[in-house]
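Contents: one structure, followed by commentary.
Residue numbers (full-length UniProt numbering): 1 to 325.
So this is what it looks like as structure tokens:
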């Protein structure tokens with residue numbers, strides 16, 4: 001098929017398998033309204049054999065999470081033919097959540113591993129959980145890339161999180177760091193300056209490449225706020241500033257590939273994904289080809305009230321390769 005160079009707007013979500021129900025639909029119930037949006041766009045004849053709903057613990061917004069979970073369960077119970085699973089897990093422990101998925105995989109895995117029909121709605125996942133999920137589905141089970149959809153949000157540019165709880169290398173993305181090379185830190189920057197800055201300070205890299213998100217709608221207000229939000233980091237002499245698209249994983253993968261070509265002989269490459277979730281998918285696509293790269297993450301102490309004011313936007317099918325479905 002023709003390459004999907006840009007995200008494709010989805011008005012109605014249809015199934016992948018024209019001859020019967022899809023194998024699997026995976027999503028995450030969060031406190032954000034958008035976690036329900038793609039499910040509400042399912043066509044009348046959408047069916048999946050199994051559905052899995054992740055519920056990532058969020059004590060401050062527990063009531064909102066449960067409301068959205070109930071909505072998702074209500075819809076998916078009518079769209080799921082054989083089994084609907086709910087995986088409840090802690091925000092700081094993605095290994096636990098993915099471990100629960102592994103424990104039920106024998107029950108819900110695709111019938112044909114050569115041609116699986118899987119859709120993942122990435123909208124409600126945290127970035128570190130998304131990396132864990134993709135690693136399991138693609139790198140461990142060898143199923144290939146699933147269809148991925150993402151619902152955007154409309155909001156005023158404001159800080160999204162406060163504080164940093166811990167900094168760690170993402171499980172399964174430890175890379176292969178040479179002690180004979182300096183580090184180049186590639187940071188995707190958005191509206192979470194403390195998280196990115198904490199990683200920069202801890203790694204103290206010789207060179208930093210900051211990728212500022214260029215919004216799809218050319219909203220300069222967003223771009224200016226991201227730059228102002230991260231102005232301390234961006235003012236450092238060792239930091240280079242470039243732009244990356246908000247919602248095109250394949251384009252993000254290509255940007256990282258060009259950086260890798262620049263630095264591979266002289267630097268270890270370390271990536272901090274603090275931009276959008278489609279950018280995280282792009283990071284994963286790049287990592288698949290370069291597993292020696294390390295991916296690091298900082299957990300926020302809390303989410304700001306800004307999250308509660310964000311409204312669901314449009315839902316897109318993400319372009320994942322030169323032969324996207």
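We put the CB at the ideal spot given by N, CA and C, even for glycine.
Inset, instruction - Report yes if the CB atom of residue 121 is closer than 7 Å to the CB atom of residue 98, and no otherwise. - result: No.
Inset, instruction - Look at the alpha carbon of residue 204 and the alpha carbon of residue 110, and state the distance between them as a whole number of angstroms. - result: Annotation: residue 204 to residue 110 spans about 44 Å, alpha carbon to alpha carbon.
Inset, instruction - Report, in whole angstroms, the separation of the C-beta atoms of residue 211 and residue 186, which I expect to be a contact under 8 Å. - result: Their Cβ separation, rounded to whole angstroms, is 7 Å, which keeps residue 211 and residue 186 in contact under 8 Å.
Inset, instruction - Give the secondary structure of residue 7 by DSSP, where H, G and I count as helix, E and B as strand, and everything else as coil. - result: In the three-state reduction of the DSSP assignment, residue 7 falls in the coil class, being assigned neither a helical nor a strand state.
Inset, instruction - Could you tell me which of 113, 33, 96, 24 sits nearest to residue 82, measuring between CA atoms? - result: When 113, 33, 96, 24 are compared, the shortest CA-CA separation from residue 82 is found for 24.
Inset, instruction - From the DSSP output, read off the bridge partner residues of residue 245. - result: The partner list for residue 245 (beta bridge, DSSP) reads 214.
Legend entry - DSSP three-state assignment for residue 19, whether helix, strand or coil: Residue 19 falls in the coil class under three-state DSSP.
Inset, instruction - Alpha carbon to alpha carbon, how far is residue 147 from residue 1? Give it in angstroms, no decimals. - result: For residue 1, the pLDDT reaches just 32, beneath the cut-off of 50, and the residue's location in the model is therefore unreliable, leaving the point undetermined.
Legend entry - Residue range of the unbroken beta strand (DSSP E) whose run includes residue 106: Here residue 106 belongs to no beta strand (DSSP E); instead the alpha helix (DSSP H) covers 94–108.
Inset, instruction - Would you give the residue range spanned by the beta strand (DSSP E) that residue 82 belongs to? - result: Looking at the DSSP string, the run of the beta strand (DSSP E) that includes residue 82 is 80–89.
Inset, instruction - Report the residue from 117, 166, 246 whose alpha carbon sits nearest the alpha carbon of residue 19. - result: Nearest option by C-alpha distance: 117.
Legend entry - For residue 320, three-class secondary structure by DSSP: In the three-state DSSP reduction, residue 320 falls in the coil class, being neither helix nor strand.
Legend entry - Cα-Cα separation, residue 300 to residue 166: So the two alpha carbons sit approximately 8 Å from each other.
Inset, instruction - Report the three-state DSSP secondary structure of residue 233 (helix, strand or coil). - result: Residue 233: helix per DSSP, three-state reduction.
Legend entry - Touching by the beta-carbon criterion (3+ pairs, under 8 Å), the segment 270–281 and the segment 243–259: Short answer: they touch.
Inset, instruction - Report the rounded CA-to-CA distance for residue 206 versus residue 270, giving the unit in angstroms. - result: Rounded to the nearest angstrom, the two C-alpha atoms are 12 Å apart.
Legend entry - C-beta atoms of residue 320 and residue 10 nearer than 7 Å: For residue 320 and residue 10, no; Cβs fall outside 7 Å.
Inset, instruction - Can you give me the Cβ contacts of residue 242 inside the same chain, cut-off strictly under 6 Å, excluding the 5 residues immediately before and after it? - result: Non-local beta-carbon contacts of residue 242 in its own chain, meaning distances under 6 Å to residues more than five positions away in sequence, involve 211 in chain order.
Legend entry - Opening and closing residue of the alpha helix (DSSP H) in which residue 132 lies: Segment 127–134, the alpha helix (DSSP H) holding residue 132.
Inset, instruction - Report all residues from its chain with a CB closer than 7 Å to the CB of residue 239; omit the five preceding and five following residues, and keep chain order. - result: The residues 208, 210, 233, in chain order, have a CB closer than 7 Å to that of residue 239 in the same chain once the five nearest residues on each side in sequence are set aside.
Legend entry - Proximity to residue 153 [Cα-Cα], best of 264, 215, 143, 59: Nearest to residue 153 by alpha-carbon distance, out of 264, 215, 143, 59, is 215.
Legend entry - Length of the line joining the Cα atoms of residue 285 and residue 253: Rounded to the nearest angstrom, the gap between the Cα atoms of residue 285 and residue 253 is 6 Å.
Inset, instruction - Go through the segment 20–84 residue by residue and report every complete run of the beta strand (DSSP E) that reaches 3 residues or more, in order. - result: Listed in chain order, the beta strand (DSSP E) runs fully inside the segment 20–84 are 22–29, 48–56, counting runs of at least 3 residues.
Legend entry - Buried versus exposed, by CB contacts within 10 Å (16 or more), residue 103: It is exposed - the Cβ of residue 103 has fewer than 16 other Cβ atoms within 10 Å.
Inset, instruction - Work out the CA separation of residue 199 and residue 291 for me, nearest whole Å. - result: For residue 291 and residue 199, the distance between alpha carbons rounds to 20 Å.
Inset, instruction - Starting from the Cα of residue 176, find the closest Cα among 293, 49, 44, 144 and give me that residue. - result: The closest CA to that of residue 176, considering only 293, 49, 44, 144, is found on 293.
Inset, instruction - Just the C-alpha distance for residue 67 and residue 179, rounded to the nearest angstrom, thanks. - result: A straight line joining the alpha-carbon of residue 67 with that of residue 179 spans about 49 Å.
Legend entry - Check whether residue 94 and residue 129 have beta carbons under 7 Å apart: In contact: residue 94 and residue 129 (Cβ atoms closer than 7 Å).
Inset, instruction - Report back the beta-carbon spacing between residue 72 and residue 37 to the nearest angstrom; my notes put them in contact at under 8 Å. - result: So it is not a contact: roughly 10 Å between Cβ atoms.
Inset, instruction - Would you give the residue range spanned by the alpha helix (DSSP H) that residue 147 belongs to? - result: Where residue 147 is concerned, there is no enclosing alpha helix (DSSP H), although the beta strand (DSSP E) it sits in stretches over 147–154.
Legend entry - Exposure label - residue 106; buried when at least 16 CB within 10 Å: Flag for residue 106 reads exposed.
Inset, instruction - Go ahead and pull the three-state DSSP assignment for residue 193. - result: Residue state, collapsed to three classes: helix.
Inset, instruction - Using beta-carbon positions only, say whether residue 91 and residue 53 come within less than 7 Å of one another. - result: In terms of Cβ geometry, residue 91 and residue 53 do not form a close pair [threshold 7 Å].
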